[in-house]
Amino acid sequence: MKVLRTPAEVHSLRDELRNRAVTVGLVPTMGYLHEGHDSLLKAAREENDVVVMSLFVNPTQFRAGEDLSTYPRDEERDLAIAGQSGVDYVYAPLPDDIYPSGYATRVEVEGLTEVLCGSETSRGPGHFAGVTTIVAKLLNAVDPDVAYFGQKDAQQATVIRRMAEDLEFRTRIDILPTVRERDGLAMSSRNAYLSPEARERATAIWASLLETETVFAESGLDAALDAGRHHLESAGITPEYFEARYPGTLDPADGEGSDPILVAVAAKVDGTRLIDNILIEPERDNRRKP
Ligand code: AMP
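In structure tokens:
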């Protein structure tokens, strides 16, 4: 496995790979790898000749006051895991190489980035502009056949799909299921912040989404959202948002019809901001009814 540090190194790698006519899979990460990342790396390994993983804590997607300076980092461990997962190249640049002096370009997706995590009371639309800018730069530099992302960040997946289509990137965007701890908590680098007590309480997030799914099948969407929110609040967790939306457009879901519904939640548990979601399929749930 080789570690690349600069855009110039990635560009010359790309030239070489193009001459060899191999397929390339890209897995963008901010490091502090866990099994969620690993599932993306495994898929990339199975489906491509060459696997590139990027490792970059992207400063432009953090708001002032967020956890950029304390975001967990352990490059040595990440490189060891990447090696074991069959990664061929890790691209781990420095912020100054990605955003050199004079850098002035932002890639912004409108609309989709103004709700849920993008609302002003949450991380704000600037968060997603940071995400789409870095992902656009990575897609441009690495030019992968496939790029892999996790359903855990459902809104991010929707926004990146939109960007890739709008800007005519020819990379296929694959979204893989959320990998969970045994008790249901979605794996996240930020789980490392949780005290044992907060870690225990955080299980209420996934439980509240399962509760929402169950109640939806019996009593409809409004009752389901009430039940989910109530479950969370009973565990002493106040959601930043707990909302039902259609996954492709992120328009509010009304619970009528057969389209899948994304129920997404963000909540701070003892100061650690966690997100999770569930996709509810009304038709399947209706079929379960007696
Ligand atoms: P991050 O390093 O947190 O920016 O995540 C890098 C990629 O891994 C993103 O596409 C995430 O959606 C994905 N990811 C993070 N956590 C999980 C998880 N628990 N299951 C599946 N994918 C995940």
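Residue numbers for the sequence shown follow my numbering, beginning at 1137 and rising by one.
We treat Cβ as the ideally placed atom computed from N, Cα and C, and that holds for glycine.
With a beta-carbon spacing of about 5 Å, T1269 and R1242 fall inside the 8 Å limit used to define contacts. Rounded to the nearest angstrom, the gap between the Cα atoms of L1330 and I1341 is 14 Å.
Taking K1138 as reference, the option from A1218, K1178, F1352 and N1194 with the minimal CA-CA separation is A1218. Residue pairing of P1375 in beta bridges, as defined by DSSP: A1403. Look at the beta carbons and you see the stretch 1159-1168 touching the stretch 1266-1283: at least three pairs across the two are nearer than 8 Å. Taken through DSSP and simplified to helix, strand or coil, T1257 comes out as coil. Per DSSP, reduced to three states, the secondary structure at A1265 is helical. Annotation for T1165: the continuous beta strand (DSSP E) segment containing it runs V1160 to T1165. In terms of CA proximity to E1349, D1362 leads the group A1338, T1339, D1362 and R1337. Assigned with DSSP and collapsed to three states, N1184 falls in coil, not helix or strand.
Linking E1171 to A1179 through their CA atoms gives a straight-line distance of about 12 Å.
Shown here, P1388 sits in a strand according to DSSP, grouped into three states. According to the DSSP assignment, L1140 belongs to the beta strand (DSSP E) that extends over K1138 to L1140. When E1376, R1337 and Y1227 are compared, the shortest CA-CA separation from A1144 is found for Y1227.
Counting only residues of its own chain and dropping the five nearest sequence neighbours on each side, A1343 has a CB closer than 7 Å to the CB of G1320 and H1367. Between V1187 and V1223 the beta-carbon gap is near 5 Å, inside 8 Å, which marks them as a contact. When DSSP reads this structure, F1285 sits in a beta bridge with I1311.
Short of 8 Å from the beta carbon of G1260, and not among the five residues preceding or following it, lie these beta carbons of its own chain, in chain order: R1199 and G1254. According to DSSP, residue pairing for V1226 in a beta bridge involves V1139 and M1189. Leaving aside the five residues that flank L1252 on each side, the residues in its chain whose CB is nearer than 8 Å to its CB run, in chain order, S1258, Q1291, Y1377, E1379, R1381, L1386, A1400 and A1402. 8 Å or more divides the Cβ of Y1284 from the Cβ of D1214. Nearest C-alpha to P1195 among M1189, E1212, N1184 and P1229: P1229. Between the C-alpha atoms of V1271 and A1293 there is a straight-line separation of about 11 Å.
Residue side-chain check: F1198 keeps its Cβ at 7 Å or more from all non-hydrogen atoms of the ligand AMP. Counting only residues of its own chain and dropping the five nearest sequence neighbours on each side, F1352 has a CB closer than 6 Å to the CB of A1360 and I1416. Partner residues in the beta bridge of N1413, as assigned by DSSP, are A1400. At a cut-off of 7 Å, the beta-carbon of K1288 counts as near the ligand AMP: some heavy atom of the ligand is closer than that. In the DSSP assignment, the residues bridged to A1380 are V1399.
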